[in-house]
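First the structure, in the form of structure tokens, and then the observations on it.
Number of protein chains: 2
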Amino acid sequence: MTGDNEVDIVASLRSLIGENAVLDAADTASRGAGIWRPDHLQAAALARPASTEEVAQVLRWCHTNRISVVTHGGLTGLVRGADAEPDQVILSLERMRAIEEINPQQRTATVQAGVTLQTLQEAAEEHHLMFPLDLGARGTATLGGNAATNAGGNRVIRYGMMRDMVLGLEAVLADGTVVSSMNHLIKNNAGYDLKQLFIGSEGTLGVITRLVLRLREEAITRNMAFVACDNFSHVAGFLRHMDRNLGGTLSAFEAMWREYYCLVTSPPARGKPPIAQDYPFYVLVESQGADRELDTQRFNNAMESAFESGLIVDAAISQSESDCEDFWGLRDDVEQTMHTGFPIVFDISLPIAEMHKYTSTLQDTLGAAIGKHKLWIFGHLGDGNLHVIVQVPPEEHTRLRPMIEQQVYAPLAAFQGSVSAEHGIGLEKKPYLGISRSDTEIALMRSMKAALDPTGMLNPGKIL
Amino acid sequence: MTGDNEVDIVASLRSLIGENAVLDAADTASRGAGIWRPDHLQAAALARPASTEEVAQVLRWCHTNRISVVTHGGLTGLVRGADAEPDQVILSLERMRAIEEINPQQRTATVQAGVTLQTLQEAAEEHHLMFPLDLGARGTATLGGNAATNAGGNRVIRYGMMRDMVLGLEAVLADGTVVSSMNHLIKNNAGYDLKQLFIGSEGTLGVITRLVLRLREEAITRNMAFVACDNFSHVAGFLRHMDRNLGGTLSAFEAMWREYYCLVTSPPARGKPPIAQDYPFYVLVESQGADRELDTQRFNNAMESAFESGLIVDAAISQSESDCEDFWGLRDDVEQTMHTGFPIVFDISLPIAEMHKYTSTLQDTLGAAIGKHKLWIFGHLGDGNLHVIVQVPPEEHTRLRPMIEQQVYAPLAAFQGSVSAEHGIGLEKKPYLGISRSDTEIALMRSMKAALDPTGMLNPGKIL
Chain L
5 MTGDNEVDIV ASLRSLIGEN AVLDAADTAS RGAGIWRPDH LQAAALARPA
55 STEEVAQVLR WCHTNRISVV THGGLTGLVR GADAEPDQVI LSLERMRAIE
105 EINPQQRTAT VQAGVTLQTL QEAAEEHHLM FPLDLGARGT ATLGGNAATN
155 AGGNRVIRYG MMRDMVLGLE AVLADGTVVS SMNHLIKNNA GYDLKQLFIG
205 SEGTLGVITR LVLRLREEAI TRNMAFVACD NFSHVAGFLR HMDRNLGGTL
255 SAFEAMWREY YCLVTSPPAR GKPPIAQDYP FYVLVESQGA DRELDTQRFN
305 NAMESAFESG LIVDAAISQS ESDCEDFWGL RDDVEQTMHT GFPIVFDISL
355 PIAEMHKYTS TLQDTLGAAI GKHKLWIFGH LGDGNLHVIV QVPPEEHTRL
405 RPMIEQQVYA PLAAFQGSVS AEHGIGLEKK PYLGISRSDT EIALMRSMKA
455 ALDPTGMLNP GKIL
Chain A
5 MTGDNEVDIV ASLRSLIGEN AVLDAADTAS RGAGIWRPDH LQAAALARPA
55 STEEVAQVLR WCHTNRISVV THGGLTGLVR GADAEPDQVI LSLERMRAIE
105 EINPQQRTAT VQAGVTLQTL QEAAEEHHLM FPLDLGARGT ATLGGNAATN
155 AGGNRVIRYG MMRDMVLGLE AVLADGTVVS SMNHLIKNNA GYDLKQLFIG
205 SEGTLGVITR LVLRLREEAI TRNMAFVACD NFSHVAGFLR HMDRNLGGTL
255 SAFEAMWREY YCLVTSPPAR GKPPIAQDYP FYVLVESQGA DRELDTQRFN
305 NAMESAFESG LIVDAAISQS ESDCEDFWGL RDDVEQTMHT GFPIVFDISL
355 PIAEMHKYTS TLQDTLGAAI GKHKLWIFGH LGDGNLHVIV QVPPEEHTRL
405 RPMIEQQVYA PLAAFQGSVS AEHGIGLEKK PYLGISRSDT EIALMRSMKA
455 ALDPTGMLNP GKIL
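Going down the list, the protein sequences come from chains L and A. First residue of the first sequence: 5, per the numbering used here; consecutive thereafter. First residue of the second sequence: 5, per the numbering used here; consecutive thereafter.
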């Protein structure tokens, strides 16, 4: 791509959607590439359409001119799912930030794709409703990005993933066709459920421009505990015990292996240990309910019987909302893994029965494979989702990374684990897709890609 | 299609999967066409493969020989979604009835597609687990059919539809390719979520042969009430009130308009009225929990505050499990609509704010349009799903049906309602698909059909 062509792209897009709506290559390069990344964006242009029609205009022009398009939300993804090449156009939804409607009776929100998760959470609260998706990047991540990557987060065990919260959506196809499928209904079996095509496909099949999202009644009360288990089978048993005895109110079940617990409860972390640091496994458990007295009684009963049956050996039970925030603060203090080295973050999923064998093997073999390192394990255990973080010296990162990926991913094949529980594939995990998906599955994915984006212009090279 | 060809089909299929595994046209015609239908099956042959590989063999042969295939589960569908023509092959999953595994720790069931819903429900109970899908046809409907039609039923408000319970599946494509995507994980974002293609596509994109289903902890307690509301806005308010105050334990919210309540609580129905018959609206509300004492207290508190705020005007609260069964018995006694006339059953979905205007208009205008008739309205109100039944004299059915369909469906367009909440489209609702889906949406459905079934041999003519 020559300089002349770049000028053409910028000028052409400006003529379509306005002078200020399009950044040229130089201005684009002044922006950071995303969360926890030192590099900068690159692209021939960055288009910032203000409406679905403008998104369609950009795509139509790029389609005609055979230019690839990479769609950007809040750039909080962790798998290089939004990287662009210098000859490609970035399409950012940053100017599509309107909450079009909150409908308290239907319990739905209609939003443009560039609205951030936290903005919607707060808007729902004003109506005593809740948008239950929640994750650390809530202030920056957009709802369009959450949908395109099928985001998970902290309360999947109760409310499901983003896929389960999308009732309808509008998407623009590669050729600029607008598919408006803004369903507001919980049940709609009138033909194929088209929204499923776009949710979790990482911008490779279409650009999500608007969404209808399901809201829930706001939780009125919450109860939490930080507990210790003396072996992993007790962790698994405690999950079933709480799920069963909380009868529909269990809202989070987050596990931490000892090393992670010690990390986030020792200086320089600001968190203090709610219970002693010498147990092998810790769990943060949360129940969301509606009645302060009865819910507390139920929660305490469930904790008591867990103690009696030996499933847990130590516990701190929240006495206030501020205790709850402190507990979550420990869980979310992932930044501690950035001190003293370079953290490589993994997001895997595996059957709970295999989890202990998997993590023990990893703990045993990683040293032999890569030498000095730190290893932290924690995650949404209730969903079978573990985050594994391997920290290495920064100067060794490039050399060690492929070896570490091999150690983390390869054993998953044996028990149909997933190389991506919630972060997606992007470019980063593409070499490992075959661990979790068969050739036939990947061939079918390619058929879908060919059917919806025959020229391959949407987020090219990602996933497949 | 000539007689000679029919013989070829039967003989060829028998050579592939065995003599007894294939019925000829005459034997096929001895079988009934399905629930509540007086007619019989028709097809060139009915193949009953016993394994995924045999399903693949049948499809491969039919693909090569350009013969269309209609897949059959339990034939409990209500929209002519499984009708076959005399030159087509019916593929029945009736010999694929194995529950391959119940995994209590992972809380999953792995089943062949021909297992009935009730069989799985009972198998899960043996492990103190629950498969939460539930509907009247549970004894006959198959899990493959439930998935192919994205079945709904009585507890969608708590557990979602069938789509939400399928973790993985195996499907055979039109050309016989087996796509095995038997994911056991709650979270798996490794590429496109292929199972979504097959769920709810009514056998038009592939044949589901096996499923991995998510099980839940068995509910230990339940509380129910039958209540009366004096206007519709109180019904809607009562839904939010109970959802909010039951804090995650609400498991059903079924509404009945007065005429239906009277029908199922008056002779010849065996049900007795738990509360007086002169209110305009009735609701059956259910909460599933885990603690007899606390759950009952919570349920009664919520009912009490509903009374105090005037949302409900009369109520019978269950005192025993047998009361609960009686309450459900009333709700499910749809057979009463078959006395004294021919019932035409509708399954629609619409925003709750529009519901009363919609039903009032229907009650007002139907008489002028079709003359003497009976009209019953009830349904899964918590999901926005109403069942409308119009009963006419049997001899008038054929003449009146198109007029009634017009009256029921046409007004839904104005507020993006759905002509099919949970029953699907099949042949019956195909003329009305355009009320709920735009031309662009239908065009995208056609692209998907063309990508997965380019020769159009799978359940041809259904949906599109």
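Glycine included, every Cβ here is placed at the ideal spot set by N, Cα and C.
query: Rounded distance between the beta-carbons of Gln125(A) and Arg101(A), thought under 8 angstroms; result: Their Cβ separation, rounded to whole angstroms, is 15 angstroms, which puts Arg101(A) and Gln125(A) out of contact at 8 angstroms.
query: Counted within 10 angstroms of its Cβ, other Cβ atoms place Pro271(A) as buried (16 or more) or exposed; result: exposed
query: Sub-8 angstroms separation of Leu97(L) and Leu171(L) beta-carbons; result: no
query: Inside the region 372 to 436 of chain A only - beta strand (DSSP E) runs reaching at least 3 residues; result: 378 to 384, 389 to 396
query: Continuous beta strand (DSSP E) stretch holding His76(L): start and end; result: 73 to 76
query: Integer Cβ distance of Asp168(A) from Asp387(L), believed to fall under 8 angstroms; result: Not a contact, Cβ separation roughly 14 angstroms.
query: Close-in-space but distant-in-sequence residues of the same chain around Leu370(L) (CB under 8 angstroms, 5 per side omitted); result: His377, Leu379, Val394, Ile408, Gln411
query: Any chain A beta carbon closer than 8 angstroms to Asp295(L); result: yes
query: Chain L contacts from the region 260 to 288 of chain A (Cβ-Cβ distance under 9 angstroms); result: none
query: Any C-beta of chain A under 8 angstroms from that of Tyr196(L); result: yes
query: C-beta neighbour in chain A for Leu250(L), strict 8 angstroms; result: yes
query: Contact set between Gln420(L) and chain A, taken where Cβ atoms lie within less than 8 angstroms; result: Met186, Asn187, His188, Leu189
query: Gly118(L) in three-state terms, based on DSSP; result: coil
query: Burial state of Gly428(A) (16 or more Cβ within 10 Å); result: buried
query: Under 7 angstroms by beta carbon: chain A residues contacting Asn389(L); result: Lys191
query: Secondary structure of Ala175(A), DSSP reduced to three states; result: strand
query: Identified DSSP bridge partners for Asn227(A); result: Ser291(A)
query: Amino acids of chain A, ordered along the chain, whose beta-carbon sits closer than 8 angstroms to that of Leu437(L); result: Ala194, Gly195
query: Minimum Cβ-Cβ distance from Gln92(A) to chain L less than 8 angstroms; result: no
query: Beta carbon proximity, Asn4(L) to chain A, threshold 8 angstroms; result: This structure cannot settle anything about residue 4(L), because the visible part of chain L is limited to 5 through 468.
query: Cα-Cα separation between Ala145(A) and Ala151(L), rounded to whole angstroms; result: 33 angstroms
query: Gly195(A) - DSSP class collapsed to helix/strand/coil; result: coil
query: Test: Glu221(L) CB closer than 8 angstroms to a CB of chain A; result: yes
query: Opposing strand residues paired with Phe257(A) [DSSP bridges]; result: Val289(A)
query: Length-filtered (3 minimum) beta strand (DSSP E) runs lying within the region 143 to 189 of chain A; result: 170 to 176, 182 to 185
query: Three-pair Cβ contact test at 8 angstroms for the region 419 to 428 of chain L versus the region 78 to 90 of chain L; result: yes
query: Alpha carbon of Val317(L) to alpha carbon of Tyr265(L), nearest angstrom; result: 16 angstroms
query: Below-8 angstroms beta-carbon distance, Arg302(L) vs any chain A residue; result: yes
query: C-beta neighbour in chain L for His343(A), strict 8 angstroms; result: no
query: Cross-chain neighbours of His427(A) in chain L, by beta carbon under 8 angstroms; result: Asn193
query: Same chain only: Cβ atoms within 7 angstroms of Arg450(L), ignoring 5 sequence neighbours per side; result: Leu468
query: Whole alpha helix (DSSP H) elements within the region 40 to 118 of chain L, 4-residue minimum; result: 56 to 68
query: Residues near Leu27(A) in its chain [Cβ-Cβ closer than 7 angstroms; skip 5 each side]; result: Ala49, Leu50
query: Member of Glu399(L), Asn187(L), Leu243(L) whose CA lies at the smallest distance from the CA of Leu315(L); result: Leu243(L)
query: Candidates Gly210(A), Glu206(A), Met307(A), of which the one nearest Leu254(A) by Cα; result: Met307(A)
query: At least three beta-carbon pairs within less than 8 angstroms, the region 439 to 446 of chain A to the region 187 to 195 of chain L; result: yes
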